[in-house]
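Chains as they are written, first to last, in the working numbering: chain E, 4 to 299; chain Z, 4 to 299. Think of the CB as a built atom: it goes at the ideal place given N, C-alpha and C, for glycine as much as any other residue. As the structure is a computational prediction, the values presented were derived from the model and not from experiment. Here's the structure we're looking at; comments come further down.
Number of protein chains: 2
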Amino acid sequence: METRLIELYQLEELAAFSDCGTISGVGERLGVSQPAVSRAMRLLEEAFGVPLFNRSSNSVSLNSTGEKAARHARLIVEAVQRAVEDVRAYDRSLNTVLVGSEAPAPLWSVAPLLSPFFSGKVIAGELTDVRTLQEGLGNGRFRMVITTCPLRLAGHVSVRLGHEDLMFVLSADHALAGRRSLSFADMDGQNMLLFNRLGFWRSLTERMMPHSRFYVQSDMAAMRDFVAHSSIPSFTTNLAGPLAVKGKVVIPVSDKEAHVEYFVTGRSGDLGVLSQLARSFAPFYSSLSGEPDQQG
Amino acid sequence: METRLIELYQLEELAAFSDCGTISGVGERLGVSQPAVSRAMRLLEEAFGVPLFNRSSNSVSLNSTGEKAARHARLIVEAVQRAVEDVRAYDRSLNTVLVGSEAPAPLWSVAPLLSPFFSGKVIAGELTDVRTLQEGLGNGRFRMVITTCPLRLAGHVSVRLGHEDLMFVLSADHALAGRRSLSFADMDGQNMLLFNRLGFWRSLTERMMPHSRFYVQSDMAAMRDFVAHSSIPSFTTNLAGPLAVKGKVVIPVSDKEAHVEYFVTGRSGDLGVLSQLARSFAPFYSSLSGEPDQQG
DNA sequence: ATGCCTTACGTTATACGTAATTATT
DNA sequence: AATAATTACGTATAACGTAAGGCAT
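Now the structure itself:
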């Protein structure tokens, strides 16, 4: 008795057959010829050793055994696909240093600074909330995380990175363009342009300016364009890069919530890297509130 | 970029490798040559598109990605094996009429009577408890079930089959061999030979004769031999087949628990079969308690 | 006639084993 | 030496596509 082995391509075609219902349909969908599918199904039947199809001279359909087999086939094919994806994702993660952060700006500075320490690896940043950051640091998903409060975690150390200060960007002809500083309350009710992925800044501004509408823009280049060519107010910070746009003025936000400190937390073994990060971390603007850029 | 497909034999060899740890070990275990395994693993790596092995010139081991892949591989190979088994079992069930029963004796009579009604199919009997019988009849696992009480189930009918009366088998020189009838209490404390698969009789005798020890024998032929050649008491019933063993006497059990009626319950559409079963069902012995063999 | 499945056939890909090679212990 | 992995090579299996045939609607 010849005991044929089941092949994955056969299971794939069987699963497809339970969708299409015809041999030729399977062939078309999977890019193989009709006879190839016909043969594959016959061989699969032989491999199972039991009838799977009702065959009349002119058409083929699954019997109840075949339907059961098809359900198995689908699960197996999907398991193989998931296996490949999972293994590839894992391999990618091995070649990636993932840095988590509550806000985007620190990542812009930190990512290039990390490259020399992890040559050959991809430095990837991920924006999420503190809870996820702490958890991901613990289970190794994040190599290091940037938060507005130092984290306490066994085997890890926190180092102060620097600060970020929020500022309004107004057209020079805006009614409040002459002020030395502005509070959230001063601007509340005015609609504003907002970049989509702002981390905690997003919820902060929505909370502090409940009467404003925010025009959220996901594309960074489009965002810059909007800011430059419209009179709608927007935000910037000391970490956002030089933004000397003609006809715009930059005014610090006076509320204490608009001033945050960042801490980077990582494995104790990465202390050297973390310290170097803190030393090299520098804002594009020096602080308008007069605080020092370097910490003690 | 050549995008190779994963083959099941590769996954099988990968799973084996995670056990053996060497290419040659895999070859030996799976009955393929060393080079074949070496090539298969290289092709599998190519199919995944990521490195799975640490290769030194003289040895190969899984890296962490490979271990992950091997776990997937094992699950997939097992899923395929389970699929084949499940499909084959299902196909077998299609060609089987499964009859459930609380006791073995009615099955001995019923199975041969069913053959002409289900020609080409295998008649299989299964011994289990009433609860499982009722459930299995409802979900179609059992085509019909035999119980000591008629079952009420939508779309199904119960028909009285006949009765079974328990009897003691004693050596002619046993102290109680002269009695016309015996109660369980009379025999309680005496050790007895018992067939293993007796359905509800098993628990009944253990309950009624709590001071007896039962020597349980699974093999039917051996059981007959024991009964014939030892002086240890045993049981028989009017359905157990003629048991005219020289030097043995058969004495009815007087307790009412030793007398049961059987009902066969099946689909309404099988009513004709069920009725014929009841008509053809006959004990080997006529009842010693004087009841009629045929029912109204 | 058209659609669907199968059989037949020649081609090609590829999985296999044997044998030889290299490296490690 | 012995063990383990690889490379090289010839063979054979078998999956493929094209072409042709049979049977239904």
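- For K71/Z, the chain E residues whose C-beta falls within less than 8 Å of its own C-beta are D89, V90 and Y93, listed in chain order.
- For the segment 151-191 of chain Z, the continuous beta strand (DSSP E) assignments of 3+ residues that do not extend past its boundaries occur at 159-174, in sequence order.
- V267/Z and G30/Z have their C-alpha atoms spaced approximately 55 Å apart.
- Among the CB atoms of chain E, one or more fall inside 8 Å of the CB of L11/Z.
- With its beta carbon less than 8 Å from one in chain Z, T68/E belongs to the interface.
- It is roughly 6 Å from the alpha-carbon of L197/Z to the alpha-carbon of Y218/Z.
- The C-beta distance from T150/E to L136/E rounds to 6 Å, short enough to fall under 8 Å.
- Spanning the alpha carbons of V40/E and L117/Z requires a straight line of approximately 41 Å.
- Across the set L78/Z, T6/Z and L154/Z, the C-alpha of L78/Z shows the shortest separation from the C-alpha of E16/Z.
- The Cβ neighbour count for M223/E, taken over all protein chains shown within 10 Å, is under 16; the residue is labelled exposed.
- When DSSP states are grouped into helix, strand and coil, M147/Z belongs to the strand group.
- Of the candidates L11/E, E264/E and M170/E, the residue whose Cα lies closest to the Cα of S184/E is M170/E.
- Contiguous alpha helix (DSSP H) elements confined to the segment 13-96 of chain Z occur at 26-33 and 37-51, taking only those with 4 or more residues.
- A residue is called buried once 16 or more other Cβ atoms fall within 10 Å of its Cβ, and E70/Z, having fewer, is exposed.
- Proximity of the segment 93-112 of chain E to the segment 198-206 of chain E meets the contact definition, three or more beta-carbon pairs being nearer than 8 Å.
- F284/Z sits in coil when the DSSP states are folded into three classes, being neither helix nor strand.
- Taking a C-beta distance under 8 Å as the contact criterion, V252/Z and A178/Z do not qualify as a contact pair.
- Under the Cβ distance rule, A18/E does not count among the residues neighbouring chain Z, no pair being separated by less than 8 Å.
- In this structure, DSSP gives G103/Z an extended state, which the three-state scheme calls strand.
- Minimum Cα-Cα distance from L140/E among the listed residues A157/E, V125/E, V90/E and R182/E corresponds to A157/E.
- Comparing alpha-carbon positions, the option among H75/E, N61/E and V256/E lying closest to T239/E turns out to be V256/E.
- Shown here, L201/Z sits in coil according to DSSP, grouped into three states, outside any helix or strand.
- Any Cβ of chain Z closer than 8 Å to the Cβ of V35/E would place that residue at the interface, and such an atom is absent.
- Within the segment 144-157 of chain E, no residue places its CB atom closer than 9 Å to a CB of chain Z.
- Counting only the Cα atoms, L274/Z lies some 41 Å from A188/Z.
- When DSSP states are grouped into helix, strand and coil, A127/Z belongs to the strand group.
- In the assembly as shown, L164/E is a buried residue. Its beta-carbon has 16 or more other beta-carbons within 10 Å.
- When Cβ pairs closer than 8 Å are counted between the two stretches, the segment 6-13 of chain E is seen to touch the segment 34-51 of chain E, the count reaching three or more.
- Taking 8 Å as the threshold, the shortest C-beta distance from I79/E to chain Z falls below it.
- Per DSSP, T135/Z lies in no beta strand (DSSP E) segment; the continuous alpha helix (DSSP H) that holds it begins and ends at V133 to G141.
- In this structure, I26/E is the residue among H75/E, A50/E, I26/E and R95/E with its C-alpha nearest to the C-alpha of V63/E.
- Of the candidates Y93/E, E138/E and T68/E, Y93/E places its Cα closest to the Cα of L55/Z.
- Counting of Cβ neighbours within 10 angstroms places R210/Z among the exposed residues, the total staying below 16.
- With a beta-carbon spacing of about 5 Å, F284/Z and S112/Z fall inside the 8 Å limit used to define contacts.
- Under the DSSP assignment, F229/E falls in the alpha helix (DSSP H) whose first and last residues are M223 to H232.
- DSSP, reduced to helix, strand and coil, places S237/E within a strand of the structure shown.
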